[in-house]
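Since the structure comes first, as structure tokens, the remarks are kept for the end.
In the numbering used here, the protein residues as written are 342 to 464.
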């Protein structure tokens with residue numbers, strides 16, 4: 342359903358900051374953490390237009406680390422709870438909203454300075 346993951350220029354800059362802080366060098370790893378951080382929130386992400394204006398792009402398979410069905414199911418479950426249709430365009434948009442909100446959450450967290458801080462988020 343989701344084929345390519347693209348982030349905005351703003352998100353790219355935020356991901357570069359996170360790479361520097363945490364030492365994690367792979368976009369896909371940081372993006373998975375970001376998605377899960379946003380999905381864990383009870384509130385819905387703001388409905389906004391997010392440009393795909395950066396050079397950060399990866400396939401869905403790369404983004405998921407080979408767990409395509411798991412991450413798609415997580416997004417679809419949350420979309421269903423939000424009352425959204427599970428049409429391709431709707432799920433893609435909802436995924437991007439969560440991904441970008443999650444990136445903002447991680448970079449905006451003043452305690453996010455090393456990989457251990459990401460692990461603490463999951464506990």
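Heads up, the beta-carbon is just placed ideally off N, CA and C, and yes, glycines get one too.
Span of the beta strand (DSSP E), counted from its first residue to its last, around residue i
{"i": "residue 346", "result": "345-347"}
{"i": "residue 398", "result": "398-400"}
Sequence-distant residues of the same chain with beta carbon closer than 6 Å to residue i, five excluded per side
{"i": "residue 459", "result": "374"}
{"i": "residue 348", "result": "395, 397"}
{"i": "residue 393", "result": "347"}
{"i": "residue 448", "result": "355, 358, 359"}
{"i": "residue 431", "result": "425"}
Per-residue burial, residue i [other beta carbons within 10 Å of its own, 16 or more giving buried]
{"i": "residue 361", "result": "exposed"}
{"i": "residue 384", "result": "exposed"}
{"i": "residue 363", "result": "buried"}
{"i": "residue 352", "result": "buried"}
{"i": "residue 429", "result": "exposed"}
{"i": "residue 386", "result": "buried"}
Terminal residues of the alpha helix (DSSP H) in which residue i lies
{"i": "residue 364", "result": "First-last for residue 364: undefined, no H or E at that position."}
{"i": "residue 422", "result": "409-422"}
{"i": "residue 369", "result": "368-380"}
{"i": "residue 444", "result": "429-449"}
{"i": "residue 425", "result": "Taken as a continuous stretch (DSSP letters only), residue 425 belongs to no alpha helix (DSSP H), as it is neither H nor E."}
{"i": "residue 457", "result": "456-463"}
Cutoff 8 Å; reference residue i; Cβ partners in own chain excluding five residues on either side
{"i": "residue 427", "result": "417, 420, 421"}
{"i": "residue 370", "result": "406"}
{"i": "residue 366", "result": "360"}
{"i": "residue 444", "result": "348, 352, 355, 356, 359, 371, 372, 375"}
Cβ neighbours of residue i in the same chain (closer than 7 Å, five flanking residues each side left out)
{"i": "residue 380", "result": "415, 419, 439"}
Chain B contact for residue i (CB, 8 Å cutoff)
{"i": "residue 348", "result": "Although the question refers to chain B, the structure presented lacks it and comprises just one protein chain."}
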